[in-house]
Every structure is written in C-alpha cells, then in structure tokens.
Amino acid sequence: MRIRARILATVSFASVGLLAFGYSVAQAQNGAPPAKEAPITGTLSGNVNLSPEQMQAQSESALGRMESNAMQVQRMLDKADQQGDATKVDCLNNELNVIDTRLRAAKDRKAMLDGALRARDTGQASVFLQVIENHRDEAANARSRADGCIGSEAGFIGDSSNSTTVDPDIPQENPQPPPILNIPGWGLDLPPGTDPSASL
C-alpha cells in the first residue's frame, strides 16, 4: 500500500508540474510582444538596403564598364583585321559578340530597374541590379579571353622557331685521328677501340 501511495503521489506531483510549466509558457507567448523580424542584410550580390541613388549609380557604372570592354575588343579586332590574321579575327569576334549580347541584355534590365525605382519597388530594382552586375561580370570574362586571343600567337597561328644552345663547358672534340696502338703479340697497328679479330 505504501509503495502504491508513493507512486500515485509522484505521478500527481509530476502532472501538476507539467501543467504549471505549460501554463507559464502559454502566458509568456500570449503576453509578450511579438518579436521583430530580423532585417535582411544582403543577397548574393549585396544589393539589399542600397538607396535608389546608389542602385542607379551602380547600374550606370556596370553599363559603362561593359561599353568600355566592347570598345577595347573592337580596337583589337580592327588591328587583327588590318594584319590579315584570320585566326585572331575569329577569336576576337566571338568574344566581342559575347560582350555585345551581355550589354544589350543589361540595357534592357536597366530600363526595368528604372521603372521599378519610379514605382518605389526597391526589392524588384535590387533583383534587376543583380542581373545587370552578372552581365557585367560575364562581359569582363569575355574581355579577359580576348586578351588571350592575341596573347598566345604561337598557339593560334602555329608559328614556331627552334634554337640550339651549346654549353660552353663541354670540351671540343679532338679533330686529329686517334693514335695507333701497338698490340704486342698480334703484330697489328690498330687505332683505339678497334676489334683486333676483325682484321683476321
């Protein structure tokens, strides 16, 4: 009987404790003010929390960089064309096409970004800015590849030249004939390194 009474007392005590704990948690949730949401601090491109003016400046800077890349590659292409180098022309033309395509797409997104800013939709404007900056990065990659089009002439054209360097420490060969060896018992005068049996 005593054991059963102790078990019942323990179960009752635990039940009361659990009820009290649950009630205190419910009160804390109902009575406490709602927690504020954490502010968004950035996206993949870090364009969140930029002012409209900063978004405008960054997008215009990206377009300016892409236009500069296009002009540089165009000058390289013109020079290769004047030289009549078809391999360089083809390589540079491919990279210039990449830059031009990226620049046109970025200009389209710039118009959308401007519209989003006029509508005060900074979230949408931030997405458009991220796309513009992605186009800028890809155009910069194409500009770097264009340098490779003219920087590895031997690989593209196939020209090669061989050069021979003689080590000055190597002794010169003796132009005189080898001395005659007198081999006792054979009665032959043979130069060094000659097999005596060859004369038999």
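Each position in the sequence shown, counted from 1, maps to that position plus 14 in my numbering. Even glycine gets a Cβ: it sits at the ideal position worked out from N, Cα and C.
task: Using three-state DSSP, classify Ser82 as helix, strand or coil.
output: helix
query: Are there 16 or more other CB atoms within 10 angstroms of the CB of Asn83, so buried, or fewer, so exposed?
result: buried
field: Close-in-space but distant-in-sequence residues of the same chain around Ser73 (CB under 7 Å, 5 per side omitted)
entry: Lys124, Leu127, Leu143 and Ile146
field: Start and end residues, alpha helix (DSSP H) containing Arg123
entry: Ala100 to Arg132
- prompt: Do Val103 and Leu91 have their CB atoms nearer than 8 Å?
  reply: yes
task: Compare the Cα-Cα distances from Lys93 to each of Glu81, Asn107 and Val112 and report the closest residue.
output: Asn107
- prompt: Taking the Cβ atom as the reference point for each residue, do Leu77 and Lys121 lie within a distance shorter than 8 Å?
  reply: yes
task: Compute the distance between the beta-carbons of Met80 and Arg159, then report whether it is under 8 Å.
output: no
- prompt: Does DSSP classify Asp95 as helix, strand or coil?
  reply: helix
field: Spatially closest choice to Thr115 from Ala100, Arg132, Ala154 and Ala130, by CA coordinates
entry: Ala154
- request: Keeping to the same chain, check which residues put their C-beta closer than 7 Å to that of Val87; ignore five residues upstream and five downstream.
  value: Leu106, Glu109, Leu110, Ile113, Arg157 and Ala160
- request: Please state whether DSSP places Ser158 in a helix, a strand or coil.
  value: helix
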